[in-house]
Every structure is written in C-alpha cells, then in structure tokens.
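Asker: Residue numbers (the UniProt record's numbering): 1 to 281.
Glycine residues also receive a C-beta, built at the ideal position from the N, C-alpha and C atoms.
Before we start, here is the structure in question, set down as structure tokens.
If you want it as structure tokens, here you go:
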C-alpha cells in the first residue's frame, strides 16, 4: 500500500501511455499514482479512467519547469483544479517556451556540427497531445549513432553541463509555486539533489513551498538526510517518486515505478493541504 508521486507519460516525454503507466503501477503493487507530466495535464483523464478500472487512485499532478540563475528547477503540483482556465492558459504559455528551447538546442547542436531537425524530434512523440522535450532530442541522437544512451546524451549535450544546453527565459520557481497555489494545488520541489542549492530550498520554503521530494533516484543519501531535516524543520511534506519516464533503448528512465515510494499517509497529508487551501479561496 504505497504511492509513487512522480511519473511521466506520452503526454510529455514518457514512452508509456497514461493507461500503460497505470497498468504498470498495478503490476508493481502500487495503490496510488500521480501523473506529473511536464507543463501539461493532457494525460490525466485517460489515467483516471484506467485508475478506476484497476483500483488505483490517481492523484492529479504536474511538473512545472522554471528557471533559477540559468538552471532548470522543477516544481511538482498536486490536486490542482485541472479545469481552471487561467491555469490551463498559463500551461500553454509554458509549453510555447519549451518549443522555443527545443529549437535553440537544435541550433546549438548544429554549431557543434550535429545536424538534426525539429521534424525528426517531433516524430519521436507518440501522441498528438502534450509536448516535446529533451528526451525526444536524445532519442534522435541515439538513432543517428551520435550517442549510445540517454545518459550519454544528457551528459555530453543536453544536461545542465552539456555542450548544447540552453535555457530561454522562463518563470521563476516562486512563480511556479504561485501558479499551482492559484489553481488550488500544493507545490513540492522536485529532486532537490540535482540543484545542489539548500539555500534555494530554504528560500522557496519561506515563499510557501508545501513539500520537498526527499526520495528520488537523483537524490543521494546525504541529500535525503538534508532535505528530510529541512522539511521537518519547516513542517512541510516529504514526498517520494520514481520519476518514471518509461523505457528507451530497453532501459528504464529514470527509475521504475515504485522504486521510490511514499506511504499513503503522505498522500492524505497532501490532499488535506490542498483542501485547506481550496477552502480558503
């Protein structure tokens, strides 16, 4: 009876459809799953329908991309009103920025004498809804023999220290928190171990962060100890998620569903925080 609160589908940069992710969650023995696609809620209706069939609770989620001092910072949202028109309009704007970033990365790759097209990248997407992201670009690089794996693609070219890494202006993490709150949701900082910036986490806590993803494949033991203590000190939630993106070239990316999981009390805590926020509106 556990929950995985971070997963992706073909609505963004995952390789499994929402239904397939739910079916895999069932096979892994999970009781609760959150679909947290990047800057979109397009996969939620299919996931919720599949969840009802398989007896799995689907927590409505999202992972919003923001930027802090030139680096990606991702903020997870849970229990938002996914029919909120203002919220949906802002997500459309965020996806437009993501498209601009894809074009900028392709241009940077061309400067490195690596020539791919936006059409080739878009063709890697399996659904018409949602958005295209760096994993789709990585798939093209693998297909062309430029790199041999997703890990190599991100290390050499697409990750924050990669040769083709770019980041156009985006909303700040504080604005991402505010956007989630305005839609009645709770905001949780994703994989803080990637940022190596405890002061940023403290700043976001003061701004109104509701939780920290303490347990994630990219958080090491030291990160878990640090961010667990920060969450306890602030009285905010400690969440856990696999960041499952499906499989690419036969390899699970980042981790398989349930490899990082939270107790159902964490889900209840997040729900209660959201209900309290919604009641105050």
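1) Helix or strand or just coil, what does DSSP make of residue 68?
2) My understanding is that residue 258 touches residue 4, with C-beta atoms under 8 Å, so please give their C-beta distance in whole angstroms.
3) For residue 239, which beta-bridge partners are listed by DSSP?
4) Looking at the unbroken alpha helix (DSSP H) that takes in residue 96, where does it start and where does it end?
5) Could you give the first and the last residue of the continuous beta strand (DSSP E) run that contains residue 34?
6) Ignore the nearest five residues each way along the sequence and tell me which others in residue 71's own chain have a CB closer than 8 Å to its CB.
7) Tell me, please, which residues DSSP counts as bridged to residue 78.
8) Could you pull the start and end residues of the alpha helix (DSSP H) that residue 279 belongs to?
9) Span of the beta strand (DSSP E) holding residue 4?
10) Between residue 200 and the rest of its own chain, which residues show a CB-CB distance below 7 Å, the 5 nearest in sequence each way excluded?
11) Which residues does DSSP list as the beta-bridge partners of residue 38?
12) Kindly list the residues whose CB is nearer than 8 Å to the CB of residue 99, restricted to its own chain and excluding five residues on each side of it in sequence; keep chain order.
13) In three-state terms, what does DSSP make of residue 140?
14) Enumerate in chain order the residues of its own chain whose CB-to-CB distance from residue 108 is below 7 Å, with the five nearest sequence positions on each side excluded.
15) Please state whether the Cβ-Cβ distance between residue 215 and residue 260 is less than 8 Å.
16) If you compare alpha carbons, which of 14, 170 and 137 is closest to residue 252?
17) Within the continuous alpha helix (DSSP H) that includes residue 11, where are the two ends?
18) Rounding to the nearest angstrom, what Cα-Cα distance links residue 103 and residue 233 in this structure?
Answerer: Considering the structure as presented:
1) On the chain shown, residue 68 is found 68 positions in, with the first residue counted as 1. Three-state result, residue 68: strand.
2) Position 258 of the chain shown, counted from the first residue, corresponds to residue 258. Position 4 of the chain shown, counted from the first residue, corresponds to residue 4. Going by Cβ atoms, the distance from residue 258 to residue 4 rounds to 6 Å, so yes, they are a contact pair.
3) Reading the chain shown from its first residue, position 239 is the one you call residue 239. In DSSP, residue 239 forms a bridge with 213.
4) Within the chain shown, the letter at position 96 stands for residue 96. Note, residue 96: alpha helix (DSSP H), 85–111.
5) The residue labelled residue 34 in the question sits at position 34 within the chain shown. Its beta strand (DSSP E) spans residues 32–35.
6) Start at 1 with the first residue of the chain shown, and residue 71 comes out as number 71. Excluding sequence neighbours, residue 71 sits near 160, 167 and 195.
7) Residue 78 sits at position 78 when you count from the first residue of the chain shown. 61 and 186.
8) Sequence index remark: in the chain shown, residue 279 carries index 279 (1-based). Run containing residue 279: 264–280, per the alpha helix (DSSP H) assignment.
9) For this step, residue 4 is matched to residue 4 along the chain shown. From DSSP, the beta strand (DSSP E) with residue 4 extends over 2–4.
10) Taking the first residue of the chain shown as 1, we reach residue 200 at position 200. Excluding residues within five positions, the ones whose Cβ falls inside 7 Å are 68.
11) On the chain shown, residue 38 is found 38 positions in, with the first residue counted as 1. Bridge partners of residue 38: 63.
12) The sequence position of residue 99 within the chain shown is 99, counting from 1. So the list reads 131 and 132, once near-sequence residues are dropped.
13) For the purposes of this step, residue 140 is taken as the residue at position 140 of the chain shown. When DSSP states are grouped into helix, strand and coil, residue 140 belongs to the helix group.
14) Numbered from its first residue, the chain shown carries residue 108 at position 108. Correct list, in chain order: 164 and 166.
15) Counting from 1 along the chain shown, the entry for residue 215 is found at position 215. Counting from 1 along the chain shown, the entry for residue 260 is found at position 260. Yes, the pair counts as a contact, with Cβ atoms nearer than the cut-off.
16) Here residue 252 refers to the residue found at position 252 of the chain shown. It is 14 whose Cα lies nearest to the Cα of residue 252.
17) On the chain shown, residue 11 is found 11 positions in, with the first residue counted as 1. Residue 11 -> no alpha helix (DSSP H), and no H or E assigned at all.
18) Here residue 103 is taken as the residue at index 103 of the chain shown, counted from 1. Here residue 233 is taken as the residue at index 233 of the chain shown, counted from 1. The straight-line gap from Cα to Cα measures roughly 42 Å.
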